[in-house]
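Numbering (my numbering), first residue to last: 675 to 1133. No residue lacks a Cβ here, since even glycine has one placed at the ideal position from N, Cα and C. Small disclaimer: the values here were computed from a predicted structure and weren't measured.
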């Protein structure tokens, strides 16, 4: 971050704009089929900010994406941090609020029961006028504007602080990706919640800091996705997950013309990527990052297995993972992913996660590859292979699996796996379930997997 000094050589905190495009008429969002201009948006942000209580932080529980945008900016303008739980389940919200004494919660819906100190946003249908003489709002670059919590897919959720300067830096890479693929103006429909860091980057920061408009909804079912896309003009970009993408492909539904699709949160099978591109006639881009790092790489999996780093990002392999350096990071961040570098370090290939690597009797495998082979079995609609906590006398941990496979039994699945993997790595137990406990971004919290396996052990 650049240091600015006044005439007396005192350090002055750098400020960065709340909106990256200084145009009062720019469309920031699409709500109820109507465009919302930057001028109207800022007026509503300032009106909400004026009514917020004094506090250090607030849990942003808004479901409507436009309401989230208004609340996010109002909270930030008051010098407060948006708290983003990994889930909006009451227990997850209570845990985050307990970690931030004195905080409050903000949302657009009337909740019952509601978190302590809950405040409901006023209706956002009115269109107040922005004072033409008002200064374009800005925020100190070093201000913590969000604290995101990891999903818990590899353990307990952890807090990650994000400054306004770091968000500006990470958004530059995502904006460059979309401009190269689509052009200078983009309209986004997203199936992921804005509280998730991927949703934050692709459906909150892009419309704030780029020439991007975002649909206010969070469509879930294929028909809802099609309807939301029809409410925004071209060029349209669908921001989604592998779970939602598979549902769209298998539904057979027709979508309005897409300029591109973006996927993250879970590994995207190459076959699914190719089917999606063929089905919807648009390139499918996969982005790579984490709550800790934000996005720092991308690829088009239908045509390329390797990832390309964003400008300014670099990777440094370690024995137990990889150190990530990127413009949005003040210091390198360690990830558990094992990578191989190519092209002078500008491209890489994922080789699994350190925690996913298995070694039994001198042989090695990875949970990611075992899950991929499970999903490749005809008739398996969803599945996950994971390691249990309890080890035997030699410290070897059992491997288990859950599969959604109507019409198949466990023996048939194990027989198919036996032809694809070393018998040492066959999951036992392998349980058939109606659905996996995926959260709203398609991830599988480890605790939920173990709980579901325990329920079926009791059957």
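Quick one: complete alpha helix (DSSP H) runs, 4+ long, within the segment 839-923? Segments of the alpha helix (DSSP H) lying fully in the segment 839-923: 871-874, 880-883, 896-904.
My assumption, with CB atoms under 8 Å, is that residue 785 sits in contact with residue 795. Please give the rounded CB distance. With a contact defined as Cβ atoms closer than 8 Å, residue 785 and residue 795 miss out at about 12 Å.
Report the start-end ranges of each beta strand (DSSP E) in the segment 1053-1102 that is 3 residues or longer and not cut off at the edges. DSSP runs (the beta strand (DSSP E)) wholly in the segment 1053-1102: 1056-1065, 1071-1078.
Taking the continuous alpha helix (DSSP H) assigned at residue 713, which residues delimit it? 712-725 is the span of the alpha helix (DSSP H), which, as asked, contains residue 713.
I'd like to know whether the C-beta atoms of residue 703 and residue 695 end up nearer to each other than 7 Å. Against a cut-off of 7 Å, the Cβ pair of residue 695 and residue 703 comes out as no contact.
For residue 1134, which of helix, strand or coil comes out of DSSP? Because residue 1134 is not part of the residues shown, which for the chain are 675 to 1133, the question remains open.
Contacts around residue 845, its chain only, beta-carbon distance under 6 Å, and the 5 residues preceding and following it disregarded: Contacts found: 879, 883.
Output yes or no for whether 7 Å exceeds the beta carbon distance between residue 752 and residue 726. Residue 726 sits close to residue 752, with the two beta carbons spaced by under 7 Å.
Do residue 909 and residue 856 count as a contact pair if the criterion is CB distance below 7 Å? Contact: yes.
Nearest residue (CA-CA) to residue 840, options 1002, 1051, 792, 896: Among 1002, 1051, 792, 896, the Cα nearest to that of residue 840 is on 1002.
Using the C-alpha atoms, what's the distance from residue 949 back to residue 902? Looking at the two C-alpha atoms, the distance is approximately 22 Å.
Flag this pair as yes or no: are the beta carbons of residue 822 and residue 743 separated by less than 7 Å? No, Cβ-Cβ distance for residue 822 and residue 743 is not below 7 Å.
Mapping DSSP to helix, strand and coil, what is residue 969? If DSSP states are grouped into helix, strand and coil, residue 969 belongs with coil.
Mapping DSSP to helix, strand and coil, what is residue 1045? In the structure shown, residue 1045 falls within a helical segment according to DSSP collapsed to helix, strand and coil.
Examine the ligand HEM and report whether any of its heavy atoms sits within less than 6 Å of the Cβ of residue 877. Ligands are entirely absent from the displayed structure, and the ligand HEM is therefore not among its contents.
Might you give, ordered along the chain, the residues of its own chain that have their beta carbon closer than 8 Å to the beta carbon of residue 675, omitting 5 neighbours on each side? Per-residue confidence for residue 675 stands at a pLDDT of 42, beneath the threshold of 50, marking its modelled position as unreliable; the derived number appears in the next sentence. Same-chain partners within the cutoff: 688, 815, 816, 839.
Is residue 947 closer than 7 Å to residue 976 when the C-beta atoms are compared? In contact: residue 976 and residue 947 (Cβ atoms closer than 7 Å).
Opening and closing residue of the beta strand (DSSP E) in which residue 747 lies: Counting along the chain, residue 747 falls outside any beta strand (DSSP E), though it belongs to the alpha helix (DSSP H) covering 739-751.
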